[in-house]
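Q:
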Amino acid sequence: MARGARLVTGQPDFSTAPRSGRAPAWDTLTLLLGGLLLALAAAEAWHARGEARRAGERLAGVRRDAEAASARLRALEAGARGEARGLLPAAEARPDQIVASLASALPRDVRLARLSIDYSQGGALEMHVVARNTAGWDLLLETLERARQFREVEPGPETREAEVRSVIRARWAGETP
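For what it's worth, my numbering labels the leading residue of the sequence shown as 946, then goes sequentially.
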């Protein structure tokens, strides 16, 4: 057994050339260069993060400006459609107002089979109507075209068997309050 620490030795070195205790100069230089590159990459990442934040702020400003311009355009379009002249805008129209206006426009021998109101399309109406005869159908179209509450009245495809069945598309223009 060994009698203390001085008798314990490391593994014998069987190499032919003696080793020095220091790392070669190129290893140290490579390590320093790697550290420098790591520091540069961290600085670039920090700079890119700042640029991304500034770009996000600019984007938010542009979005605010675009939303303001869009709101102004909607207001101008509403004025051009006549909603600013005392007419009720399509987005504020209640379905019962639209149905009441349609009911007053329907002749006696015409009935409304189905009505679709699309508020997202500016009050687009799609009416499926059934008329007992062509005279009632023609009278309905004339009445809708003359009515101030409806605009862009367009008759769709129709079938004329025993009765006239058709689709009419129009746009709600509003009603004086």
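Quick reminder that beta carbons are idealized off the backbone N, C-alpha and C, glycines included.
1) In whole angstroms, what separates the C-alpha of E1103 from that of A1038?
2) Assuming E1108 and A1076 form a contact by the criterion Cβ under 8 Å, report the distance between their Cβ atoms to the nearest whole angstrom.
3) Counting pairs of beta carbons, one from the region 1046 to 1065 and one from the region 1007 to 1014, are three or more of them closer than 8 Å?
4) Whole-angstrom Cβ separation of L1084 and P1052, contact assumed at under 8 Å?
5) May I ask you to report which of helix, strand or coil DSSP gives T973?
6) Give me whichever residues DSSP pairs with H1073 in a beta bridge.
7) DSSP three-state label for T1104, please.
8) So, helix, strand or coil for A1118, using DSSP?
9) Give the secondary structure of R1096 by DSSP, where H, G and I count as helix, E and B as strand, and everything else as coil.
10) By the three-class DSSP mapping on this structure, what secondary structure does T961 have?
11) For my contact list, V1098 and A1118 are in at a C-beta cut-off of 8 Å; report their separation, rounded to the angstrom.
12) In the DSSP assignment, the alpha helix (DSSP H) including A1050 goes from what residue to what residue?
13) Measure from the alpha carbon of T1088 to the alpha carbon of each residue in I1113, E996, L1018, S1061, then state which is nearest.
14) Cα separation between A984 and Q1066?
15) Let me know if A1029 comes out buried or exposed under the rule of 16 or more other beta-carbons within 10 Å of its beta-carbon.
16) Quick one: is V1074 buried, meaning 16 or more other Cβ sit within 10 Å of its Cβ, or exposed?
17) If you follow the alpha helix (DSSP H) that G1067 is part of, which residue opens it and which one closes it?
18) Go to R1091, then tell me how far its alpha helix (DSSP H) extends in each direction, as first and last residue.
19) Output the distance between the C-alpha atoms of G1001 and R994, rounded to the nearest integer angstrom.
A: Once the coordinates are examined:
1) As a position in the sequence shown, residue 1103 is number 158, starting the count at 1. As a position in the sequence shown, residue 1038 is number 93, starting the count at 1. Between E1103 and A1038, the alpha-carbon positions lie close to 28 Å from each other.
2) One-based indexing of the sequence shown puts residue 1108 at position 163. One-based indexing of the sequence shown puts residue 1076 at position 131. Between A1076 and E1108 the Cβ distance is about 6 Å, and since that is below 8 Å, they are a contact.
3) Touching, no, given that fewer than three Cβ pairs across the two stretches are closer than 8 Å.
4) Position 139 of the sequence shown holds residue 1084. Position 107 of the sequence shown holds residue 1052. Yes, L1084 and P1052 are in contact; Cβ-Cβ is about 5 Å, under 8 Å.
5) Here residue 973 is taken as the residue at index 28 of the sequence shown, counted from 1. T973: helix per DSSP, three-state reduction.
6) Walking along the sequence shown from the start, residue 1073 turns up at place 128. In DSSP, H1073 forms a bridge with R1059, V1112.
7) By 1-based counting over the sequence shown, the position of residue 1104 is 159. Three-state DSSP puts T1104 in a strand.
8) Within the sequence shown, numbered from 1, the residue matching residue 1118 stands at position 173. In this structure, A1118 counts as coil in the three-state DSSP scheme.
9) Taking the first residue of the sequence shown as 1, we reach residue 1096 at position 151. R1096 falls in the strand class under three-state DSSP.
10) As a position in the sequence shown, residue 961 is number 16, starting the count at 1. Residue state, collapsed to three classes: coil.
11) In the sequence shown, residue 1098 corresponds to position 153, counting from 1. In the sequence shown, residue 1118 corresponds to position 173, counting from 1. A Cβ-Cβ separation of about 10 Å leaves V1098 out of contact with A1118 under the 8 Å criterion.
12) Reading the sequence shown from its first residue, position 105 is the one you call residue 1050. That run of the alpha helix (DSSP H) goes 1040 to 1050.
13) Position 143 of the sequence shown, counted from the start, is the residue given in the question as residue 1088. The candidate whose alpha carbon is nearest that of T1088 is I1113.
14) The residue labelled residue 984 in the question sits at position 39 within the sequence shown. The residue labelled residue 1066 in the question sits at position 121 within the sequence shown. If you take the alpha carbons of A984 and Q1066, they lie about 56 Å apart.
15) The sequence position of residue 1029 within the sequence shown is 84, counting from 1. Interpretation of A1029 is limited by its pLDDT of 45, a score under 50 that renders its predicted location unreliable; the figure taken from the coordinates is listed afterwards. Counting Cβ neighbours within 10 Å, A1029 comes out exposed, since fewer than 16 surround it.
16) Indexing the sequence shown from 1 puts residue 1074 at position 129. Note on V1074: 16 or more other CB atoms within 10 angstroms of its CB, so buried under the neighbour-count rule.
17) Stepping through the sequence shown from its first residue, residue 1067 is reached at position 122. It is not in any alpha helix (DSSP H) - G1067 carries neither H nor E in the DSSP assignment.
18) Along the sequence shown, read from residue 1 onward, the residue named residue 1091 stands at position 146. Counting along the chain, R1091 sits inside the alpha helix (DSSP H) bounded by residues 1079 to 1091.
19) By one-based count along the sequence shown, residue 1001 stands at place 56. By one-based count along the sequence shown, residue 994 stands at place 49. Looking at the backbone, the Cα of G1001 and that of R994 are separated by about 11 Å.
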